[in-house]
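Those protein sequence lines, which keep their order, are chains A and B.
Under this note's numbering, read the first sequence as residues 1 to 617, first letter to last.
Under this note's numbering, read the second sequence as residues 1 to 338, first letter to last.
Written below as structure tokens is the structure these notes are about.
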Amino acid sequence: MTEQTKVTTLDKVVIRFSGDSGDGMQLTGTIFSNLSAVFGNEISTFPDYPAEVRAPQGTLSGVSGFQVHLGSRKIFTPGDKADVLVAMNPAALKVNVKNIKPNAIVLIDTDSFEKSDLEKALYTTDDPFKELGLNDVQVVAAPISTMVKDGLAGFGLDNKSALRCKNMFALGLVCWLFERPLEEAMHMLQNKFAKKPAIAQANIKALTDGYNYGHNIHASVSTYRIESQVMAPGFYTDVNGNKATSLGLIAAAEKSGLQLFLGSYPITPATDILHELSKRKDLGVITVQAEDEIAGICTSIGASFAGCLAATTTSGPGLALKSEAIGLAVIAELPLVIVDVQRGGPSTGLPTKSEQTDLLQALYGRNGESPVVVIAASTPTDCFDAAYWASKIAVEHMTPVILLTDAFIANGSSAWKLPNLAEYPAIVPPLATQYDGDKPWKPYRRNKETMVRYWAVPGMEGFAHRLGGLEKDFDTSAISTDPKNHQKMVEARQTKIDKIADFVPELEVIGDQDAELLIVGWGGTYGHLYEAMETMHEQGKKVAFAHFQFINPLPRNTAEVLGRFKKVVVAEQNKGQFANYLRGKIAGFNPYRFNRVKGQPFVVARLVEEFTKILEA
Amino acid sequence: MTTEEIKYLPKDYKSDQYVRWCPGCGDHAVLNCLHKAMAEIGVAPSNMAVISGIGCSSRLPYYMNTYGFHTIHGRGAAIATGVKTARPDLSVWLITGDGDCLAIGGNHFIHAVRRNVDLNIILFNNKIYGLTKGQYSPTTDRGFVTKSSPFGTVEDPFIPAELALGARGNFFARAIDVDLKNTTDILEASARHKGCSVTEVLVNCVIFNDGIHKAITDKAVRAERTVMLRHGEKMLFGANQEKGIVLEGLKLKAVTIGEEGYTLDDILVHDAHEKDNTLHMMLAMMSGDMPLALGVIRDVEAPVYDECVHAQIEEVQAKSKVKNLNDLLMSGEVWEIK
């Protein structure tokens, strides 16, 4: 039988692990994506977990998923629909009906598909596949629970602990399906359970049993092989956006010689940055878990005043609470990095889901004329560079910078070639000792070219000064309510931000430079938009793509680039915030729009469909 | 030590800015006391940071020749926490008022106190909103008529001491604007305390709440209506120090020595360093027939937040092999493509 197994070589495949939130699907998915990355595949992953910590077992609201996209060439997204679904219970199957391809392989644990399990997931018949209309899927049905219990009989584990290894049995089966050698997975399990060797051994046994089961029993489904691709030589790791953001801030601190300070209040989906930086005492990182969002930013403003590279991390509702304090950093002209990991809104909204709906809040959500720099990261690994740039601009231009990421890139991960910090540009704080104006130094006397003021840090003798939220005199830096002076200071703060455009890279157009249609995006949708362009190229269509990372100020060549194309479509996960912003900046600009606000990443196939319609209109 | 220490004078802490408080405002006196206290402490002006929120008193940083930051309403405690946690080497002061500190900034205040950040907090309490021209504040007495309570307030005030001690405060002192000598001494003591110190200064608002503390602070009644507590000394008051505080059962009582059989030996001795805050709380809460407690009521050593933050960093750094970003990256799950 085994000799008849077909091996299909694919260049891309999407696998979705799904089960109860207690079934260990995140771990299973992570191990599988890591061992695929080590194997030389391109990977992109995305966890999809419920907002509740533990919903009732077996119910629809308790389903937790982890999607992995593997490929032999560049992969930018976790993929639209899965080729393979691991469904540990009927609820997981039901929830994922829309997330799988019609002919997908569905791997189930038959022991969890009993009548009572079906009832918990609100099925009305005893044939879940028929009920859901899944007529063309290939089902791999294995009595996983029974086999795991039998396989671990000699391990001295109680029933509950033995059943916890179910996910590894499933992983073993998937490894067989994709011809993944088990050594790397075993190694990862040994590391994961280094302090509990018995548990490590039980998991490894379940993993091996699952692999052997697939090998011995299933001749009826094809196994898949994803060839490894040639990647640039160097060291790699797997990183998600939140971790990359943390590392980017650390890198900027090291490069600038400033101590990194984070003031933050826990909020989904940004909290992992606080976790990550709290671990980095070894690198001198100071973290304060503040009493609320306002204190999160205010402790950071205090630390910035005191001479640190200061950051605060949050999501949409937290950014709203921080608004007044951001205004203080604007008028005090202190460096500050504000990371907003966007999630579904308004209000509490969809805390674990992804949107791009905070753009206008970031740009304008403050009282007064209060310009700040806004940067958006485009992929999980780009979060590193984006956080580095945000820090560099904040410090060198003495301004708050809002870095927008989102739940999708924050939690999604991909393989990342470790950066060489020596290749990154220097970060030079404009300390008051560098001031060379004709008149004596004052806190608001500026560099005439960049309009940046000079930074005096407590402890520097001869530079003691008072900052504050009240308007100051352009020349003397004393409090001023003079009308002309206020106008002058408003202009000075705006000009300072506008001039930053001289220091950011120009907008690039990728794809067909002579295309009729230009796709425009910003932030975390880069991967989906790129794949849409690629798919259209494969279909023989001419299309170009420009993606914004610098939003305020815009790259200098923005108007020129957008004016070069007959049709422009701005695709974003909101009701058109960036399109409207561009319209305000570029006279006569009237783009097509593609807007989805579902809390879910774009679907590449839908993008291609819409863009093709626009192209052919 | 061969280096001669620089001796600072009060004027070294004074900025060239014209002080814009109303003539007769109690804040002027506190400002002068603060300049004097700072000179006594002797920290260089460039190593001091004076942070404030919003309100009349929060203008104070502009009148200091130190580093200063006049921030936003209620958030001074959080900003000062950031300054001190980033730079424990600085002497950090927080200037705040009853509205700024106890209404909009209540949360930041209690948490700064709870964490025991080494801040010197001066709480200017005039029981009114002055800058917004006369609304009741969280310390305004029940029934008090103001512009926003034309028929009298129907809510009870905070007693700042109760809040500070309830937030597990380790230093609380009370001073009055009209007693320059003691106020200066108390501010100096607050600065010498390691950890978060809260000094409530009862100040007069000459425009919107004139005479609010008069029944206590007026020279004619002050000796009878207040008791100045000093660590290690008997709790005596009265024009001739003929009265004192005794503990009877679970209650404090004001007695006259030589009457009802009370002798000097019965009078309590103030122990500001006692860890148990029960008696401190009772003293701080004295009102009505009892004299108002002034001076350093509580002054107890406890682990200091900003020091602990840096000690933990040093401890981890001493043990860790990770010295820079590259070490960190290479210490994780890494694979090499050749």
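All C-beta atoms, glycine included, are put in the ideal place defined by N, C-alpha and C.
Computed from a prediction, not measured in an experiment: that's the story for all the values here.
Next on the checklist: Just verifying my parser: in three-state terms, what is the DSSP assignment at D271 of chain B?
Outcome noted: coil
Next on the checklist: To the nearest angstrom, how far is the alpha carbon of L345 of chain B from that of D272 of chain A?
Outcome noted: In the structure as shown, chain B begins at 1 and stops at 338. Residue 345 of chain B is therefore absent and cannot be evaluated.
Checklist entry - Sorted by chain position, which residues of the same chain lie with C-beta nearer than 8 Å to L182 of chain A's C-beta, five sequence neighbours on each side aside? => result G172, C175, L207, T208, Y211
Item to check | For M1 of chain A, the three-state DSSP class (helix, strand or coil) | outcome: The predicted model places M1 of chain A with a pLDDT of 32, which falls under 50 and marks its position as unreliable, so this point remains unresolved.
Checklist entry - Who are the Cβ neighbours of N574 of chain A in its own chain at under 8 Å, not counting the five residues just before and after it? => result E355, Q356, T357, L359, N595, V597
Checklist entry - Whose C-beta lies closer than 8 Å to the C-beta of V608 of chain A among residues of the same chain, with five residues either side of it excluded? => result A532, T535, M536, Q539
Next on the checklist: Relative to the C-alpha of L247 of chain A, which candidate in B:M330, B:A191, B:F208 has its C-alpha closest?
Outcome noted: B:M330
Item to check | Top-ranked residue by Cα proximity to A374 of chain A, from A:G368, A:D385, A:G599, A:P400 | outcome: Correcting the residue identity first, residue 374 of chain A is Val in this sequence and not Ala. Ranking A:G368, A:D385, A:G599, A:P400 by Cα distance to V374 of chain A puts A:P400 first.
Checklist entry - What's the gap between the Cα of K7 of chain B and the Cα of E461 of chain A? => result 16 Å
Item to check | Backbone secondary structure at I31 of chain A - three-state DSSP | outcome: helix
Next on the checklist: Check for me: the alpha helix (DSSP H) holding D109 of chain A runs from which residue to which?
Outcome noted: D109 of chain A -> not in any alpha helix (DSSP H); beta strand (DSSP E) instead, spanning 100 to 109.
Next on the checklist: Residues in the same chain with beta-carbon distance under 6 Å from H397 of chain A, minus the five sequence neighbours each way, listed in chain order, please.
Outcome noted: V452, I500
Next on the checklist: Is D320 of chain A close to chain B? Criterion is C-beta to C-beta, closer than 8 Å.
Outcome noted: Just to set this straight, residue 320 of chain A is Ala in the shown sequence, not Asp. A320 of chain A does not count as touching chain B.
Next on the checklist: What residue range does the beta strand (DSSP E) around A87 of chain A cover?
Outcome noted: 82 to 87
Checklist entry - Where A559 of chain A and Y424 of chain A are concerned, what is the direct C-alpha to C-alpha distance, given to the nearest angstrom? => result 28 Å
Checklist entry - Name the chain A residues whose beta carbon is nearer than 9 Å to that of I41 of chain B? => result Ordered by position in chain A, no residue passes the 9 Å Cβ test against I41 of chain B, which lies about 16 Å from the chain.
Item to check | Residue nearest to D266 of chain B in terms of C-alpha spacing, selected from B:M285, B:A223, B:K243 | outcome: B:K243
Checklist entry - Under 7 Å Cβ-Cβ, which residues of chain B neighbour E461 of chain A? => result S46
Checklist entry - Are the beta-carbon atoms belonging to A173 of chain B and A191 of chain B less than 8 Å from one another? => result no
Next on the checklist: Measuring CB atoms only, is the segment 268 to 283 of chain A touching the segment 322 to 329 of chain A, in the sense that at least three cross pairs come out at less than 8 Å?
Outcome noted: no
Checklist entry - L653 of chain A to I51 of chain B, Cα distance in whole Å? => result Because chain A here runs from 1 to 617, residue 653 of chain A falls outside it and cannot be looked at.
Checklist entry - Mind checking if F618 of chain A is an interface residue toward chain B, Cβ cutoff 8 Å exclusive? => result No answer is possible for residue 618 of chain A: it lies beyond the span of chain A, which begins at 1 and ends at 617.
Next on the checklist: Contact criterion: CB-CB distance below 8 Å. Does T2 of chain B meet it with respect to chain A?
Outcome noted: Note that T2 of chain B has pLDDT 44, beneath the 50 cutoff, so the model's placement of it is unreliable and no number is given.
Item to check | Residue closest to N557 of chain A, alpha-carbon to alpha-carbon, out of A:A605, A:P601, A:L529, A:P505 | outcome: A:P505
Checklist entry - How many angstroms separate the CA atom of Q4 of chain A from the CA atom of I217 of chain A? => result At Q4 of chain A the pLDDT is 44, less than 50, meaning the model places this residue with poor confidence; the figure from the coordinates comes in the next sentence. Taking the straight line from one Cα to the other gives about 11 Å.
Checklist entry - Looking only at DSSP bridge pairs, what is E200 of chain B linked to? => result B:L123, B:R174
Item to check | 8 Å contact criterion, which G97 of chain B and F124 of chain B should meet: CB distance rounded | outcome: 5 Å
Checklist entry - Taking only beta-carbon atoms, is E333 of chain B less than 8 Å away from chain A? => result yes
Item to check | Of the residues B:T184, B:K133, B:Q17, B:L180, the one placed nearest L60 of chain B, counting alpha carbons only | outcome: B:Q17
Item to check | Residues of the segment 94 to 114 of chain B whose Cβ lies closer than 7 Å to any Cβ of chain A, in chain order | outcome: N107, H108, H111
Next on the checklist: Going by DSSP in three states, M290 of chain B sits in which element: helix, strand or coil?
Outcome noted: coil
Next on the checklist: Rounded to whole angstroms, what is the Cα-Cα separation between T2 of chain A and Q67 of chain A?
Outcome noted: Confidence in T2 of chain A is poor, its pLDDT being 38 and thus under 50, which makes the residue's placement unreliable; the coordinate value appears in the next sentence. Computed Cα separation, rounded: 28 Å.
Next on the checklist: Restricting to Cα atoms, I'd like to know which of A:I497, A:K496, A:D498, A:L470 is closest to H486 of chain A.
Outcome noted: A:L470
Next on the checklist: Give me the chain A residues within the contact set of E336 of chain B, using Cβ-Cβ distance strictly less than 9 Å, ordered along the chain.
Outcome noted: P233, G234, F235, Y236
Checklist entry - From the DSSP output, which residues share a beta bridge with G71 of chain A? => result A:K12, A:E42
Item to check | Contact list for I250 of chain A against chain B, beta-carbon separation under 8 Å | outcome: L325, L328
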